[in-house]
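These notes are about the structure you will find just below.
2 protein chains.
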Amino acid sequence: MLHEALSGRRLTKLEYEHELPQLQDKLLDAQFELRKERARAVVMILTGIPAAGRSEVVNELLGWLDPKFVTVYGFREPNEVERQRPPLWRYWRVMPPKGRIVILHGGWYDDFLTASVRKRGRPAAAARREVDRIQRLERMLVADGVAVLKIHLHIGPELQQRRLRRLSKDKTTRWRVTAEDQWYARHYGRVERAFEHCLEVTQQPCAPWHVIDGTDRQHRALEVGRVLLEGIEGRIGTAAARPAGPSPAKARSLAARVRLPTVMRGPAVAEEDYDRRLEELQGRLALLSRRRKFAGHSVVAVFEGMDAAGKGGAIRRITASLDARQYRVVPISAPTPEEIARPYLWRFWFQLPPRGNYTIFDRSWYGRVLVERVHGLAAKPDWRRAYGEINEFELELTEHRVIVAKFWMSVSPAEQLARFRERDRNPLKRFKVDPEDWRNRKEWKEYQAAARDMIALTNTSHAPWAVVPADDKRRARLEVLRVLCDRVEAALD
Amino acid sequence: MLHEALSGRRLTKLEYEHELPQLQDKLLDAQFELRKERARAVVMILTGIPAAGRSEVVNELLGWLDPKFVTVYGFREPNEVERQRPPLWRYWRVMPPKGRIVILHGGWYDDFLTASVRKRGRPAAAARREVDRIQRLERMLVADGVAVLKIHLHIGPELQQRRLRRLSKDKTTRWRVTAEDQWYARHYGRVERAFEHCLEVTQQPCAPWHVIDGTDRQHRALEVGRVLLEGIEGRIGTAAARPAGPSPAKARSLAARVRLPTVMRGPAVAEEDYDRRLEELQGRLALLSRRRKFAGHSVVAVFEGMDAAGKGGAIRRITASLDARQYRVVPISAPTPEEIARPYLWRFWFQLPPRGNYTIFDRSWYGRVLVERVHGLAAKPDWRRAYGEINEFELELTEHRVIVAKFWMSVSPAEQLARFRERDRNPLKRFKVDPEDWRNRKEWKEYQAAARDMIALTNTSHAPWAVVPADDKRRARLEVLRVLCDRVEAALD
Numbered sequence: 316m317l318h319e320a321l322s323g324r325r326l327t328k329l330e331y332e333h334e335l336p337q338l339q340d341k342l343l344d345a346q347f348e349l350r351k352e353r354a355r356a357v358v359m360i361l362t363g364i365p366a367a368g369r370s371e372v373v374n375e376l377l378g379w380l381d382p383k384f385v386t387v388y389g390f391r392e393p394n395e396v397e398r399q400r401p402p403l404w405r406y407w408r409v410m411p412p413k414g415r416i417v418i419l420h421g422g423w424y425d426d427f428l429t430a431s432v433r434k435r436g437r438p439a440a441a442a443r444r445e446v447d448r449i450q451r452l453e454r455m456l457v458a459d460g461v462a463v464l465k466i467h468l469h470i471g472p473e474l475q476q477r478r479l480r481r482l483s484k485d486k487t488t489r490w491r492v493t494a495e496d497q498w499y500a501r502h503y504g505r506v507e508r509a510f511e512h513c514l515e516v517t518q519q520p521c522a523p524w525h526v527i528d529g530t531d532r533q534h535r536a537l538e539v540g541r542v543l544l545e546g547i548e549g550r551i552g553t554a555a556a557r558p559a560g561p562s563p564a565k566a567r568s569l570a571a572r573v574r575l576p577t578v579m580r581g582p583a584v585a586e587e588d589y590d591r592r593l594e595e596l597q598g599r600l601a602l603l604s605r606r607r608k609f610a611g612h613s614v615v616a617v618f619e620g621m622d623a624a625g626k627g628g629a630i631r632r633i634t635a636s637l638d639a640r641q642y643r644v645v646p647i648s649a650p651t652p653e654e655i656a657r658p659y660l661w662r663f664w665f666q667l668p669p670r671g672n673y674t675i676f677d678r679s680w681y682g683r684v685l686v687e688r689v690h691g692l693a694a695k696p697d698w699r700r701a702y703g704e705i706n707e708f709e710l711e712l713t714e715h716r717v718i719v720a721k722f723w724m725s726v727s728p729a730e731q732l733a734r735f736r737e738r739d740r741n742p743l744k745r746f747k748v749d750p751e752d753w754r755n756r757k758e759w760k761e762y763q764a765a766a767r768d769m770i771a772l773t774n775t776s777h778a779p780w781a782v783v784p785a786d787d788k789r790r791a792r793l794e795v796l797r798v799l800c801d802r803v804e805a806a807l808d
Numbered sequence: 316m317l318h319e320a321l322s323g324r325r326l327t328k329l330e331y332e333h334e335l336p337q338l339q340d341k342l343l344d345a346q347f348e349l350r351k352e353r354a355r356a357v358v359m360i361l362t363g364i365p366a367a368g369r370s371e372v373v374n375e376l377l378g379w380l381d382p383k384f385v386t387v388y389g390f391r392e393p394n395e396v397e398r399q400r401p402p403l404w405r406y407w408r409v410m411p412p413k414g415r416i417v418i419l420h421g422g423w424y425d426d427f428l429t430a431s432v433r434k435r436g437r438p439a440a441a442a443r444r445e446v447d448r449i450q451r452l453e454r455m456l457v458a459d460g461v462a463v464l465k466i467h468l469h470i471g472p473e474l475q476q477r478r479l480r481r482l483s484k485d486k487t488t489r490w491r492v493t494a495e496d497q498w499y500a501r502h503y504g505r506v507e508r509a510f511e512h513c514l515e516v517t518q519q520p521c522a523p524w525h526v527i528d529g530t531d532r533q534h535r536a537l538e539v540g541r542v543l544l545e546g547i548e549g550r551i552g553t554a555a556a557r558p559a560g561p562s563p564a565k566a567r568s569l570a571a572r573v574r575l576p577t578v579m580r581g582p583a584v585a586e587e588d589y590d591r592r593l594e595e596l597q598g599r600l601a602l603l604s605r606r607r608k609f610a611g612h613s614v615v616a617v618f619e620g621m622d623a624a625g626k627g628g629a630i631r632r633i634t635a636s637l638d639a640r641q642y643r644v645v646p647i648s649a650p651t652p653e654e655i656a657r658p659y660l661w662r663f664w665f666q667l668p669p670r671g672n673y674t675i676f677d678r679s680w681y682g683r684v685l686v687e688r689v690h691g692l693a694a695k696p697d698w699r700r701a702y703g704e705i706n707e708f709e710l711e712l713t714e715h716r717v718i719v720a721k722f723w724m725s726v727s728p729a730e731q732l733a734r735f736r737e738r739d740r741n742p743l744k745r746f747k748v749d750p751e752d753w754r755n756r757k758e759w760k761e762y763q764a765a766a767r768d769m770i771a772l773t774n775t776s777h778a779p780w781a782v783v784p785a786d787d788k789r790r791a792r793l794e795v796l797r798v799l800c801d802r803v804e805a806a807l808d
């Protein structure tokens, strides 16, 4: 119970003046180390009931730390752009790079609390989904080296009233009491219960809550400072308890069942036939994408496959049927230093389309379990947990009415070789020739094994893979368009 | 006149097959050089009347170039986030880094054309301001090494009708004709006149228009490809004709008149008095920032001054009076590689506040004419033209109801030395000590001269400087708050 946290502990001036310099000294050291090592980032979320001293504490912390490397964010009601993305999108955008500290006023708990305090009749299922989302996000952050420090500042109802009254009485301080504060103070009981419930259901070992008594100004500041210190030093918020996913044996047996055919059954398609069927499918996609209902959805299409598998060609057949204002093609290559310093999925969150739009990824987050795995660019524990993280990420998307269509363009080694040779011969295709492609070709078996694991472990019902036999370019393109049309149509009906 | 551009030139299949490989070969070479040298970026804006072949041409270009380094953007009606920023903000965001190509479907001309075609009664002054804005932007881009290629595709009314009819007749291609196309086709005369006017008023030597006949599919593609080639190779869109600004003599005499007093007249402020006056001013700012009318404005505050001049302290006194959701403090340091590769002001555009919000810059775009000038980090022509560019940038802001408040915190060398020594003595201020600060101190005279020039040349009526004597910290903070309150109040009344 929250009121049990109200110890009423007070510090004498002497105690405070003794303890503060020591703490500040340690904080500055820790922050310096954090910046130097760049092994970790810190996200501190501060919730609190009005007049418990949240803003004052943040100001004090900024006075103790080097404020150039601390960023404070508060959030209003989601705006139009934010509403068109999954609920946690706006928080992803402000995640700090390694070496830095971000302080969130309320952070992702504000939406949750506002909903429980103000909207009494919220369906339990919606609340549960939100808790799941929050827990998933925090687990992922912690696993990615972001310490998540959750602090709640609390005071009792009498003290709250007293503080608000005192501020209101004086003409020069009256502005400090907002209408929102007064509303919350009038509903103290309901607010306290909402906080209690919220803290209880979002408690987890990798990101525990710290309830701090806001009664004494100096005591509370030092307490928050101490939590921050532990977080910067990596002593809390690092116990990454990831769900294990399927056992290795189970995963192997799943992967063994994945087939990657490179040749489609049935007869070839003559050029004239191809042109007609392509036009038909493009028309179908165009009309689907203009349907009124489509304005409530969006599409994330993912293309993976060996070099020269025909990803680019298939993508251009899709975009040719869309309005230029309606799509964006995002080619994915090695991450920039800015991106490397953040959680793995961060750079992909940025690219999510608004409603009624397409984002088409030419390679994607699956690089983690393909190229990064095969070439040892990601550590084994990192790419292994990526399967689960990716499934959760895509679940977040589909829950938000994003259609996720994933294509594995499956080409045979012989066909790839023929295409490489054609590229070498044709000077106008020289931009497609990369010495690395030949190197990747040598790892064919490892790539195929990685692709099988990937498809086995991320072929979810909400975001299934389509394996497209790609030795015949024309039929592969028609197949991609057909699958995409089917997926969009199913979502609209 | 646009119809004069309709040469009706057609290519035989033989001609096309002869010319295309040569052009494509040159384009690939040029693109490769562009990427290797990273000295230039290319922005191609493609306008055109419906059925002139705009989308087809873009698809053809993407087939000829290495599409991984070309990004295509189309724009819808501005969304909520975009409407809260100056009109050109959303285009700034997609500017390519050096070495890359961006193709804009319509780009900043779409808004202009839509307004002239659809809204007949637009005030002439609004249209003129928009033309000014566009011309300023293009000049700035060209001066910053971005080739701006403006291409308009045109066809006559009969051909347009014929093409739209043919597409509509066939069941499989009917989807290609949108309601928007049909509207534009019905108003051919009005649309053509709007284009003619637009091209005429936005013609400028550094970014000329190219009108291309869209009659023959192959001819138009080659023509657009040739303009692009010239742009990539730096043969057009490089004649940077910047307005000269005041003559050096005039600038010198203006700068000589700038005073940078470090001590305020009048008596010192006692601690108790200070607390009371601070609380009063903070309350005044808080209440101003909560006024309903403030939701239609935003504030950009800029703090410049020598090290230890008290910028951070003054900023914290401002933020203490604002809602945490209402402001963002942006400390500016050396640009990242991503930022260096783009026009100088690019990284600052990103940080503009939404309506009702503050962005406070701890150092700013004035770094160009201060640190970058003094330490030779920017070439002389670059920092010299920055004065004009900055004035135009700030004009853009103020025209969009952004209050721009600029503070030069003026500290004396003796007071700075005392503060440095205090920092050295106090381990808890060690994060404020930087060997570079001592180096900068040696360049005191150069910095003061640069500050005088800066204030003389950017002290505009829309965004005036406040020079704040800062040897007395308390009074400096009160003065900053007072000026800021006055500026906000004046804007609201």
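Those sequence lines, one after another, are chains R and G.
Here the numbering used here runs 315 ahead of the position in the first sequence, where the first position is 1.
Here the numbering used here runs 315 ahead of the position in the second sequence, where the first position is 1.
Glycine included, every Cβ here is placed at the ideal spot set by N, Cα and C.
- Looking at the DSSP output, G/ARG643 shares a beta bridge with G/THR674.
- The Cβ atoms of G/GLN337 and G/LEU380 do not sit closer than 7 Å to each other.
- At a cut-off of 7 Å between beta carbons, G/ASN394 contacts chain R.
- Interface criterion met: the Cβ of G/LEU743 is under 7 Å from a Cβ in chain R.
- DSSP places R/SER322 outside any beta strand (DSSP E), giving it a letter other than H or E.
- DSSP, reduced to helix, strand and coil, places R/SER727 outside both helices and strands of the structure shown, so it counts as coil.
- Put simply, the CB of R/LYS383 is near chain G, with a gap under 7 Å to one of its CB atoms.
- Residue burial annotation: R/MET316 is exposed, with fewer than 16 other C-beta atoms found within 10 angstroms of its C-beta.
- G/LEU321 is the residue among G/ARG767, G/LEU321 and G/PRO742 whose C-alpha sits nearest the C-alpha of G/ASP531.
- Under the Cβ distance rule, R/GLN339 counts among the residues neighbouring chain G, one pair being separated by less than 7 Å.
- Counting other Cβ atoms within 10 Å of its Cβ, R/ALA354 stays below 16 and is therefore classed as exposed.
- DSSP, read as helix, strand or coil, puts G/SER483 in helix.
- Among the residues of chain R, those whose CB is under 8 Å from the CB of G/HIS420 are ALA639 and ARG640, following chain order.
- Ranked by Cα distance from R/GLU704, the first of R/HIS502, R/GLU730, R/TRP661 and R/ARG369 is R/TRP661.
- Looking at R/LEU361, R/ALA785, R/GLU348 and R/GLY540, the one whose alpha-carbon comes closest to that of R/VAL726 is R/ALA785.
- With a beta-carbon spacing of about 26 Å, R/VAL461 and R/PRO668 fall beyond the 8 Å limit used to define contacts.
- Sixteen is the threshold: since fewer than 16 other Cβ atoms of the shown chains lie within 10 Å of the Cβ of G/PRO520, the residue is exposed.
- Straight-line measurement puts the Cα of R/GLU375 at about 48 Å from the Cα of R/SER562.
- In terms of CA proximity to R/ILE647, R/PHE665 leads the group R/ALA536, R/LYS484 and R/PHE665.
- The stretch 350–427 of chain R is shown to contain whole beta strand (DSSP E) runs of 3 or more residues at 356–363, 385–389 and 416–420, in chain order.
- In the three-state scheme derived from DSSP, where H, G and I count as helix and E and B as strand, R/PHE722 is classed as strand.
- Counting only runs of 4 or more residues that sit fully inside the stretch 597–664 of chain G, the alpha helix (DSSP H) segments are 626–634, 652–655 and 661–664, in chain order.
- Neighbours of R/PRO336 in chain G, taken as residues whose beta carbon is under 7 Å from its own, are LEU743 in chain order.
- Residue burial is scored here from C-beta neighbours: R/GLN497 has fewer than 16 other C-beta atoms within 10 angstroms and is therefore classed as exposed.
- Contact of R/PHE746 with chain G is assigned, a C-beta pair being separated by under 7 Å.
- Taking the C-beta atoms as reference points, R/GLN731 is found nearer than 7 Å to R/ALA623.
- Residues of chain R with a Cβ closer than 8 Å to the Cβ of G/THR487 are, in chain order, ARG591, GLU594, GLU595 and GLY598.
- Classified as exposed, R/GLU332 has fewer than 16 neighbouring CB atoms from the shown chains inside 10 Å of its CB.
- Of the residues assessed, R/ASP590 falls on the exposed side of the cut-off, its CB having fewer than 16 other CB atoms within 10 angstroms.
- Taking 7 Å as the cut-off, the Cβ atoms of R/HIS777 and R/THR713 count as close.
- Any Cβ of chain R closer than 7 Å to the Cβ of G/LEU428 would place that residue at the interface, and such an atom is absent.
- When secondary structure is reduced to three states using DSSP, R/LEU692 falls in the coil class, being assigned neither helix nor strand.
- Using a CB distance cut-off of 7 Å, R/ASN374 counts as an interface residue toward chain G.
- Residue pairing of G/TRP753 in beta bridges, as defined by DSSP: absent, with no partner found.
- Cβ-Cβ distances below 8 Å link R/ARG505 to VAL432 in the same chain, with the five nearest sequence neighbours on each side left out; the list follows chain order.
- Close to R/GLU653, with beta-carbon spacing below 8 Å, are these residues of chain G in chain order: THR651 and GLU653.
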